[in-house]
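Okay, so here's the structure we're looking at.
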Amino acid sequence: MLHSIIIPCYKSSQTIREVVELTSAELDRLGRPDYEFILVDDYSPDDGATLKELRSLAADYPFVKAISLAKNSGQHNAVMAGLNYAQGDLLIAMDDDMQTHPSQLHFLLEEIEKGYDIVYGYYPDKKHSTFRNFGSFLNYITVRILIGKPKDMKTSSYWVIRKFVRDYVIQYQSPYTHLQGLFLRTTRNISCVPIKHFEREVGQSGYTLKKLIQLYSNIMGYSVVPLRLSTYCGYFFSILSILGALIIVIRKLVNPMMALGWPSMMCAICFFSGLIMLFMGTIGEYLGRMFLGMNKQPQFVVREVISQNSTAAAIQDTANTPDTATSVEPVLPTETISAKNSCEPSDNE
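Now the structure itself:
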C-alpha cells in the first residue's frame, strides 16, 4: 500500500528536511516502507530558499517530488495541487513547521485501519497564539452553521484520507477551496483522534487576519445558508416594521400632539440601508464566484515539477541534443491538472 505525504511549504527552508526525514523514519518503523512525498512550494517569499531546499531533497531521495507553484495560491489550494500529483492508496497531509509531528502519525494510521474514510488528528492542547486559536474557534462555528459539521468532529491540518476520497475531491475546479467542505460532501465516515501539538520550531504562522478571513469566506461555496439568512432577516424586519408602524399609529391616536422624530427616522433609514447593502454584497459574492468559475480561474498554476525521474529524463534529452540547455519541464499526470493550469494565474485549519 502506497502512502502519499502531502506537505504545503511556505518559507520552510529551515524545517522541511527534518519533517521529511523524521516522517520517512517513522513510516519505516511502522513497517510501511512504500511512500512518496509531494512537497508543494506555495511561491514562498524567501528569495528561493524553500525551493532550493526542495530541489536538494528531490535530488537526495527518490521518493520526493517537489512542485513549484507560479504564484501564492493559499494552503488549501497548495494541498489540492499535491492531491492531484499524489498516487497513494492513503494520502496524508502535514504541515511544514514540525507542529504536526511525525511521531503522532501512527495514531492516525491505526484509526483509519478501523474502516474510516477520513481521520483527523486534533489537539486537546494547542500551541497556537491567542489570535490563531480565536481564528480556529471562528472556523469551527462557521463550518458548523454553514455545512452542518458534526458537533463531535474535531479537525486540523493533519489528516489521512483514502484514495477514493481524493478522486472525488480533485474534481472540484473552483479556486475557492475549503478542504473540510469538500471532505464533508464526499463522506461522513469520518473519525478524529487526539494527538500532541508541538511548538513551532522556526518562525511564525503565515496566516494573517486577511488570509484567515479569505479562508473562512471560502466555505460560502459549499452552502446556501447565507442566502437563506438574508431571506429570514427580510421576513423578520418586515414584520418588525409593520409592528412599529402600528405602534406609531396607536400612539398618535392616543396623543395627537405627539411629534414624529426626525433623528429616529434617519437612524432607521441608515440601519436598513446598511442591511440591504450587506445582503446585496452577499448575493454579489455568490455571483462573483460563479463568474470566476465560468472563466475557469485556476486553483493553482504549476511552474515546475522536480523529481529524480523528471531530472533524469531532462538529462537524457540534453544528451541527445547537446546544444540544448538542461531544463525540468512540468509533468502533468492527468487531464484534470492540465485543465486547472491551462488559464492565466488568477497562507487550518
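Letter by letter, the sequence shown follows residues 263 to 611 of the working numbering. Just so it is clear, CB atoms sit at the ideal spot from N, CA and C, and this is done for glycine as well. Bear in mind that the values here come from a model prediction, so they are computed numbers and not experimental data.
query                                                                                                                        : result
Residue closest to residue 289, alpha-carbon to alpha-carbon, out of 273, 312, 265, 300                                      : 265
Reduced DSSP category for residue 292 - H, G, I as helix; E, B as strand; rest coil                                          : coil
For residue 378, the nearest candidate out of 445, 571, 539, 335 (CA to CA)                                                  : 445
Neighbourhood of residue 569 by C-beta distance below 6 Å, restricted to the same chain and skipping five residues each side : 320, 327
Separation of residue 533 from residue 338, as counted between CA atoms                                                      : 37 Å
Outcome for residue 433 when other beta-carbon atoms lying within 10 angstroms are tallied against a minimum of 16           : exposed
From 367, 334, 407, 460, residue whose alpha carbon lies closest to that of residue 562                                      : 334
Local Cβ density within 10 Å of residue 613, reported as buried at 16 or more and exposed below that                         : Residue 613 is absent from the model: the chain starts at 263 and stops at 611.
Host beta strand (DSSP E) of residue 430 (start-end)                                                                         : First-last for residue 430: 425-431, but that is the alpha helix (DSSP H), not the beta strand (DSSP E).
Selection from 407, 424, 419, 336 that minimises the alpha carbon distance to residue 351                                    : 424
Within 8 Å, strictly: CB atoms of residue 624 and residue 427                                                                : An answer regarding residue 624 cannot be provided, because it is not within the stretch 263 to 611 covered by the chain.
8 Å CB neighbourhood of residue 385 in its chain, flanking five on each side removed                                         : 418, 456, 457, 458, 459
Where residue 264 falls: helix, strand or coil (DSSP)                                                                        : coil
Local conformation of residue 322 per DSSP, three classes                                                                    : helix
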